[in-house]
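>
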Amino acid sequence: MNPQRILRQKLEDLQRAGITQLPRELTDLVAELSQQTAAAPKSAENPAKAVAPAKPIVTTSQPASSVKTAAAEAPVQSSTPKPEKSPPATPVTRQFLSSSSGSMPGEFSGDTARPCSTLSLDERVASLAKAAEQVAACVRCQELAETRTQTVFGVGNPDADIMYIGEAPGADEDRQGEPFVGRAGQLLDKITEACKLTREEIYICNILRCRPPGNRNPTPDEAANCREYLDAQIEAVDPEYIVCWGSVAAHNLLGTKAAIGKMRGKFFDYKGIKVLCTYHPSYLLRSPGAKKDVWADMKIFRADMGVLLD
Ligand code: SF4
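Under our numbering, the residue at position 164 of the sequence shown is numbered 169, and the numbers go up by one with no gaps.
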């Protein structure tokens, strides 16, 4: 029982006893106690609740400055420090050989360090898919964009050690949307098989991704327009070897105008990738006598990979 009630009871006892004149100090004390009781907070009966500071509620999206309690004004110290952001991976960049002087590009000497690709298989696939999407919508070469049936991006193993680069889609490729599927493509498959390889082991693309009308050669502007996509494919697949089939592929990749007959039979260096140039299968269909030269080139190519051909 609180002191005020005890005091009231005592006063009532005195009144019942006939004592109505109370000393002044006693009536003052009763009044003072009544005032203190009225001013006391409701929680005073539970002192623990009265002194406990309110806990600030901090959410990840709430800035610390918005928390109004004194506790929240202290600097926020996370118990587990945030890991430092790792520096971004150095992008794999490739430069184009811009020479158009007709001089022979550098033969492979092994002096050029081949940059190690940091791409996982999933990243290669994603990178190729992104480029393919861009190609499908590309209208950089107005004439080709207006006459193509569809774009022909590339096909094969995104993790291939070997990349074949041809010239441009022909009528069959334009119809089917895949490079090297016509007669020339069938001959290429035979050469590939004779090299103890399968088409599935290789990544195949062209200098152009749209068919030039009438199967004419790509113009320099068209090749330049499409170079970004070729570059993306080389970067994504990151092959150890590139075979350039025909002069259009060899000249555009290596930036030379040297005769294909003088380029064949040896490796060139494209940023650490070994590049072998040989005749296009379409040329072999017209000039079967050149097959033996291509076969000689294939022997050199495969021997470098440790595979001896008969
Ligand atoms: S050839 Fe290449 S750059 Fe030209 S329209 Fe086709 S995809 Fe685009």
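All C-beta atoms in this analysis are idealised placements derived from N, C-alpha and C, irrespective of residue type, glycine included.
Could you have a look at Met310 and say whether DSSP puts it in helix, strand or coil?
The answer is coil: DSSP assigns Met310 none of H, G, I, E or B.
> What's the C-alpha gap between Ala264 and Leu258?
Distance between the alpha carbons of Ala264 and Leu258 is about 14 Å.
> What do you reckon, is the C-beta of Tyr208 under 8 Å from a heavy atom of the ligand SF4?
No.
> With burial defined as no fewer than 16 other Cβ atoms inside 10 Å of the residue's Cβ, what is the status of Thr156: buried or exposed?
The residue in question, Thr156, is buried, as its Cβ has 16 or more Cβ neighbours within 10 Å.
> When we look at the beta-carbon of Pro244 and count the other beta-carbons within 10 Å, is it buried (16 or more) or exposed?
Buried: at least 16 other Cβ atoms inside 10 Å.
> How about Asn220: is its Cβ closer than 8 Å to a heavy atom in the ligand SF4?
No, the Cβ of Asn220 stays beyond 8 Å of every heavy atom of the ligand SF4.
> Is Thr156 a contact residue of the ligand SF4, with contact defined as CB to any heavy atom under 8 Å?
Yes.
> Keeping to the same chain, check which residues put their C-beta closer than 6 Å to that of Gly182; ignore five residues upstream and five downstream.
If we look at Gly182 and ignore the five residues flanking it on each side, its Cβ neighbours are Gln155, Val157.
> Should Glu112 and Lys271 be called a contact, given that it needs their Cβ atoms to be closer than 9 Å?
Yes, the pair counts as a contact, with Cβ atoms nearer than the cut-off.
> Give a single yes or no on whether Pro288 has its beta carbon closer than 8 Å to a heavy atom of the ligand SF4.
Checking the sequence shown, residue 288 turns out to be Tyr, not Pro. Checking every heavy atom of the ligand SF4 against the Cβ of Tyr288, none is found closer than 8 Å.
> Cβ of Ala176 within 8 Å of any heavy atom in the ligand SF4?
Result no, Cβ not under 8 Å from the ligand SF4.
> Below 9 Å between beta carbons: does that hold for Val248 and Thr283?
Their beta carbons are under 9 Å apart, which means Val248 touches Thr283 by this criterion.
> Kindly identify the DSSP beta-bridge partner or partners of Thr283.
Trp250.
> In chain order, what residues of the same chain lie with their CB nearer than 6 Å to the CB of Ser287, ignoring the 5 residues before and after it?
Answer for Ser287: Ala189, listed in chain order.
> Taking the alpha-carbon positions, what's the Gly171 to Glu206 distance?
Roughly 17 Å between the two C-alpha positions.
> Is Glu183 a contact residue of the ligand SF4, with contact defined as CB to any heavy atom under 8 Å?
False, no ligand heavy atom lies under 8 Å from that Cβ.
> Would Lys267 be called buried (16 or more neighbouring beta carbons within 10 Å of its own) or exposed?
Lys267 is exposed by the Cβ-count criterion.
> Say the cut is 8 Å; is the CB of Arg153 nearer than that to a heavy atom of the ligand SF4?
Yes, since a heavy atom of the ligand SF4 falls inside the 8 Å radius drawn around the Cβ of Arg153.
> Rounded to the nearest angstrom, what separates Ser91 and Tyr234 at their Cα positions?
At Ser91, the pLDDT of 37 sits below 50, so the modelled position is not reliable; the number obtained from the coordinates is stated separately. Looking at the two C-alpha atoms, the distance is approximately 29 Å.
> Hey, would you say the C-beta of Val140 is under 8 Å away from at least one heavy atom of the ligand SF4?
Yes.
> Quick one, are the C-beta atoms of Cys146 and Asp236 less than 9 Å apart?
Against a cut-off of 9 Å, the Cβ pair of Asp236 and Cys146 comes out as no contact.
> Taking 8 Å as the threshold, find out whether the segment 161–180 comes into contact with the segment 212–226 through three or more Cβ pairs.
The answer is yes - the segment 212–226 touches the segment 161–180, with three or more Cβ pairs under 8 Å.
> Between the alpha carbons of Asp179 and Phe185, how many angstroms are there, rounded?
Using only the alpha carbons, I get a separation of about 10 Å.
> Leu149 to Asp164, Cα distance in whole Å?
Approximately 30 Å between the Cα atoms of the pair.
> What is the rounded straight-line gap between the Cα of Gly277 and the Cα of Ser114?
Each residue's alpha carbon lies about 9 Å from the other.
> For Val157, which of helix, strand or coil comes out of DSSP?
Here Val157 sits in coil by DSSP.
> Please report how far the alpha carbon of Cys320 lies from the alpha carbon of Ala134, in whole angstroms.
Because the chain in this structure spans residues 6 to 315, residue 320 falls outside the shown range and cannot be described.
> Between the alpha carbons of Leu314 and Thr203, how many angstroms are there, rounded?
About 15 Å.
> Asp166 by DSSP, collapsed to three states: which one?
In the structure shown, Asp166 sits in coil (DSSP, three-state: anything other than H, G, I, E or B).
> Determine the direct distance from the alpha carbon of Lys262 to that of His256, and round the result to whole angstroms.
Their backbone Cα atoms lie some 6 Å apart in a straight line.
> How would you call Glu240, buried or exposed, if buried means at least 16 neighbouring beta carbons within 10 angstroms?
With 16 or more Cβ atoms within 10 Å of its Cβ, Glu240 is classed as buried.
> Ordered along the chain, which non-local residues of its own chain (more than five positions away) have a Cβ less than 6 Å from that of Lys208?
For clarity, residue 208 is Tyr in the given sequence; the question names Lys instead. Within the same chain, Tyr208 has close Cβ partners Gly161, Asn162, Ala165, Met168, Val242.
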